[in-house]
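Student: One structure follows; several queries about it will come next.
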Amino acid sequence: MLIIITRAVHIGACLIVLSLFAFDILIATPALRQADRSALQHMEVLRAQFRLLAVWSGLVAIGSGIVWFWIVFARMTGASVWEIPSIDSIDVAITRTQFGRLWTWRLALMLLFTLASFFASRKCRNVLWRSRAWQCAGAIIATTLLASLAWAGHAGATLAVERPIHLTADAGHLVAAGLWPAGLLPLALLLVRASRSREPSLLLAASAITRRFSALSLLVVGALAATGLTNSYFLVGSLRALVASEYGRLLMLKLFLFSIMVGLGACNLLRFKPQLALANEQNATQRDALRKLMRNVIAELCLGTLIVLIVGALGATPPPRHGM
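Okay, so the sequence shown: first residue is 8 according to the working numbering, each after it adds one.
The following block contains the structure:
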């Protein structure tokens, strides 16, 4: 159970970091090019929240990453997680195993990213977060950290011929999840702020951002489906194994929750987002749509959290094809 929770927390923290950078670069900044000064000021406040959330997520990723390594190390040596190992055994685990080498540079990268964000002055952090170069660098680091998790999962144990394809699909699946559903978190923060504001400009900005978010989400759902099917082929292999194995049943539960999320997203796209786009003369309708959209997005986030927990369990459960 400890490894499941640790994996889920670590993956969730990495997803959040990527979602914050991706939301700002791909959605908020392009959608607000024509926005007025008031809406841009609200976005600056949101960016401050994103910055703090990125730092805290980085710290959580570091902490959970250390625990994850410790659990795997204990399993390698056959020792208890509460035992203090020798320096030599730690050195062997870090330098002579794929997981140890992977985790060493991942933790180093996470530490550098988090320290760079944390120790800068407040003014400097604001300048950095608005900087295009910093946004791109942060997005690249977050994408690298998330995609590299494929080598720590079942894809890393796939046979040589299939391994590159499986690793690519798994890495793509993780990165796509960092855009949606993880991107629902910054969207929810925006909608909560817009629902508490009386400024029409913020409502219009929220409408523009949600339209762009919807367009991106449609593409990402397709990518998740394609990469997910590829992963399932390499790990499950058949419908019989899907039903008969513990891994397959967990995967079906994940697919069930994912389908509910897609249904909620479709409801948002077809019902509430068009109402939100109605302009100032129908302000009451617009605000009602905003509240309903916010509730649905939060519900999607809760389902997404459950899916991340299931992903943590899937990573700790032997897949059927690996037992053949």
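Cβ coordinates follow ideal geometry from the N, Cα and C atoms, glycine included.
Check G244 in the structure and name its three-state DSSP category.
Tutor: As a position in the sequence shown, residue 244 is number 237, starting the count at 1. Correct three-state label for G244: coil.
Student: Taking the continuous alpha helix (DSSP H) assigned at M83, which residues delimit it?
Tutor: Here residue 83 refers to the residue found at position 76 of the sequence shown. Element bounds for M83: R44 to T84.
Student: Alpha carbons only, please: which of A29, L116, L53 and A81 is nearest the one belonging to I69?
Tutor: Locating residue 69 in the sequence shown gives position 62, where the first residue counts as 1. That would be L116, whose Cα lies nearest to the Cα of I69.
Student: Using the beta-carbon count (16 or more within 10 Å), is F28 buried or exposed?
Tutor: Position 21 of the sequence shown holds residue 28. With 16 or more Cβ atoms within 10 Å of its Cβ, F28 is classed as buried.
Student: For M8, report the span of its alpha helix (DSSP H) as first-last.
Tutor: Locating residue 8 in the sequence shown gives position 1, counting from the first residue. From DSSP, M8 is part of no alpha helix (DSSP H); its letter is neither H nor E.
Student: Which residue wins for smallest C-alpha separation from A149, given the options A38, L192 and V182?
Tutor: For this step, residue 149 is matched to residue 142 along the sequence shown. Comparing Cα positions, the closest option is V182.
Student: Between the Cα of A20 and the Cα atoms of P325, L60 and A164, which residue gives the shortest distance?
Tutor: Position 13 of the sequence shown holds residue 20. Nearest C-alpha to A20: L60.
Student: Helix, strand or coil for W110, going by three-state DSSP, please let me know.
Tutor: In the sequence shown, residue 110 corresponds to position 103, counting from 1. The answer is helix: DSSP assigns W110 an H, G or I state.
Student: Hey, how far is the Cα of A15 from the Cα of A189?
Tutor: Numbered from 1 along the sequence shown, position 8 holds the residue referred to as residue 15. Numbered from 1 along the sequence shown, position 182 holds the residue referred to as residue 189. Spanning the two alpha carbons is a distance of roughly 13 angstroms.
Student: Does the separation of the CB atoms of L210 and A201 fall below 8 angstroms?
Tutor: As a working mapping, residue 210 is identified with position 203 in the sequence shown. As a working mapping, residue 201 is identified with position 194 in the sequence shown. Contact: yes.
Student: What three-state label does DSSP hand G190 in the structure shown?
Tutor: Walking along the sequence shown from the start, residue 190 turns up at place 183. Coil at G190, not helix or strand.
Student: How long is the line joining the alpha carbons of G145 and H49, rounded to whole angstroms?
Tutor: The residue given as residue 145 occupies position 138 in the sequence shown. The residue given as residue 49 occupies position 42 in the sequence shown. Computed Cα separation, rounded: 22 angstroms.
Student: Please say whether S252 and P327 have beta carbons closer to each other than 8 angstroms?
Tutor: What you label residue 327 is simply residue 320 of the sequence shown in a count that begins at 1. What you label residue 252 is simply residue 245 of the sequence shown in a count that begins at 1. Result yes, Cβ atoms of P327 and S252 sit closer than 8 angstroms.
Student: When the distance is taken between beta carbons, is P325 closer than 8 angstroms to Y254?
Tutor: For the purposes of this step, residue 254 is taken as the residue at position 247 of the sequence shown. For the purposes of this step, residue 325 is taken as the residue at position 318 of the sequence shown. Yes. Within cutoff.
Student: Under three-state DSSP, which class holds G163?
Tutor: Translated into the one-based positions of the sequence shown, residue 163 becomes position 156. Helix at G163.
Student: Quick one: what's got a C-beta closer than 6 angstroms to L231's C-beta in the same chain, skipping five residues either side?
Tutor: One-based indexing of the sequence shown puts residue 231 at position 224. Excluding sequence neighbours, L231 sits near A183.
Student: Skipping 5 residues on each side, what residues in its chain have a beta carbon closer than 7 angstroms to that of V62?
Tutor: Locating residue 62 in the sequence shown gives position 55, counting from the first residue. Take V62, set aside five residues on each side of it, and the residues of its chain with a beta-carbon closer than 7 angstroms to its own are T121, S124 and F125, in chain order.
Student: Let me know if L197 comes out buried or exposed under the rule of 16 or more other beta-carbons within 10 Å of its beta-carbon.
Tutor: Taking the first residue of the sequence shown as position 1, residue 197 is located at position 190. Answer is buried; the Cβ neighbour count reaches 16.
Student: So, is T217 buried or exposed, given that buried needs 16 or more other C-beta atoms within 10 angstroms?
Tutor: As a first step, residue 217 is located in the sequence shown; it is residue number 210 there, counting from the start. Buried is the call here.
Student: Quick one: Cα of Q56 to Cα of L257, how far?
Tutor: Position 49 of the sequence shown holds residue 56. Position 250 of the sequence shown holds residue 257. C-alpha separation (whole angstroms): 34 angstroms.
Student: Taking the alpha-carbon positions, what's the I32 to T84 distance?
Tutor: The count along the sequence shown starts at 1 and reaches residue 32 at position 25. The count along the sequence shown starts at 1 and reaches residue 84 at position 77. Cα-Cα distance, rounded: 44 angstroms.
Student: To test your reading of the DSSP string, which unbroken beta strand (DSSP E) runs of 3 or more residues are found completely within the stretch 215-276?
Tutor: none
Student: At the level of alpha carbons, what is the spacing between I94 and V74?
Tutor: In the sequence shown, counting from the first residue as 1, residue 94 sits at position 87. In the sequence shown, counting from the first residue as 1, residue 74 sits at position 67. Our two residues, I94 and V74, have alpha carbons roughly 17 angstroms apart in a direct line.
Student: Between which two residues does the alpha helix (DSSP H) harbouring D31 extend?
Tutor: For the purposes of this step, residue 31 is taken as the residue at position 24 of the sequence shown. D31 -> no alpha helix (DSSP H), and no H or E assigned at all.
Student: Find out if the Cβ-Cβ distance for the pair A157, G163 is shorter than 8 angstroms.
Tutor: Reading the sequence shown from its first residue, position 150 is the one you call residue 157. Reading the sequence shown from its first residue, position 156 is the one you call residue 163. Yes, they are a contact pair.
Student: Can you tell me which of T151, R40, G311 and F220 puts its alpha carbon nearest to the alpha carbon of S266?
Tutor: If you number the sequence shown from 1, residue 266 lands on position 259. When only C-alpha atoms are compared, the closest one is G311.
Student: Indicate the three-state DSSP secondary structure (helix, strand or coil) for P325 in the structure shown.
Tutor: Working through the sequence shown from its first residue, we reach residue 325 at position 318. If DSSP states are grouped into helix, strand and coil, P325 belongs with coil.
Student: Look up W89 in the DSSP assignment and say whether it is helix, strand or coil.
Tutor: On the sequence shown, position 82 is the one that residue 89 refers to. W89: coil per DSSP, three-state reduction.
Student: Report all residues from its chain with a CB closer than 6 angstroms to the CB of M342; omit the five preceding and five following residues, and keep chain order.
Tutor: A question about residue 342 goes unanswered here, because the residues of the chain that appear run from 8 up to 331.
Student: Here's the rule I'm using: 16 or more other beta-carbon atoms within 10 Å means buried, otherwise exposed. How should M268 be labelled?
Tutor: On the sequence shown, residue 268 is found 261 positions in, with the first residue counted as 1. With 16 or more other Cβ atoms within 10 Å, it is buried.
Student: Within 10 angstroms of its Cβ, does R58 collect 16 or more other Cβ (buried), or is it exposed?
Tutor: For the purposes of this step, residue 58 is taken as the residue at position 51 of the sequence shown. So R58 ends up on the buried side.
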